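Trainee: Sharing a structure, written as structure tokens. Questions coming.
In structure tokens:
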């Protein structure tokens, strides 16, 4: 009897801890707003693989905001990403946005690289980042290097013929 009481108490403690974690995950999981004053900016990408609602937006590696929403544009065949940024980040008009990853197996985030323009993107919700670079599909990249299409041509028949009419004496080539 004593053994089953101990097992019941341990089981109850495990269920209580699991319930606490579940409550915390449900409570915090849907949040996509960061704290403080925010403004929204749109950016259009050709590929946003790995990015989802709530993904980080970073400037110089520092979290500056979050991805608010991702929608598809059926007319331009692009992904329209709405980004929510802290107001302290006044971005120049020539800011560059790219989808980046934390290593090979890490999560994806949007990296912003501010340009040198004197004019800033409006912070009234109408601003748009015009210069974007989408994510790179690593499997396609590895396959292109494995098949040899990532290198220059090694077929001598397709290479241009060398000419010696360049004005230098022949002894320079020996």
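In my numbering, the protein residues as written are -10 to 163.
C-beta atoms are modelled at their ideal positions from N, C-alpha and C, and glycine is treated no differently.
Keep in mind it's a predicted model, so treat the numbers as computed, not measured.
(1) For the beta strand (DSSP E) that residue 90 lies in, which residues bound it at each end?
(2) For residue 74, which of helix, strand or coil comes out of DSSP?
(3) Mapping the DSSP letters down to three states, classify residue 112 as helix, strand or coil.
(4) Name the DSSP beta bridge partners of residue 52, please?
(5) Using the rule of at least 16 other Cβ atoms within 10 Å of the residue's Cβ for burial, across every protein chain shown, is residue -5 buried or exposed?
(6) With distances taken Cα to Cα, identify the nearest neighbour of residue 109 among 98, 13, 83 and 96.
(7) Residues in its own chain within less than 6 Å of residue 167 by CB, not counting five upstream and five downstream?
(8) Taking the beta carbon of residue -1 as the centre, do at least 16 other beta carbons fall within 10 Å, making it buried, or is it exposed?
(9) Measuring alpha carbon to alpha carbon, tell me which of 87, 132 and 8 ends up nearest residue 120.
(10) Helix, strand or coil for residue -8, going by three-state DSSP, please let me know.
(11) Figure out for me which residue from 135, 46, 15 and 72 has the closest Cα to the Cα of residue 96.
Mentor: So, to answer that:
(1) Here the beta strand (DSSP E) through residue 90 covers 85 to 90.
(2) Here residue 74 sits in strand by DSSP.
(3) Here residue 112 sits in coil by DSSP.
(4) According to DSSP, which records beta bridges pairwise, residue 52 is partnered with 47.
(5) That one is exposed.
(6) When only C-alpha atoms are compared, the closest one is 83.
(7) Outside the shown range of the chain (-10 to 163) lies residue 167, about which nothing can therefore be said.
(8) Residue -1 counts as exposed, since fewer than 16 other C-beta atoms from the protein chains shown sit within 10 angstroms of its C-beta.
(9) Distances from the alpha-carbon of residue 120 to those of 87, 132 and 8 put 87 closest.
(10) It is helical.
(11) Minimum Cα-Cα distance from residue 96 among the listed residues 135, 46, 15 and 72 corresponds to 46.
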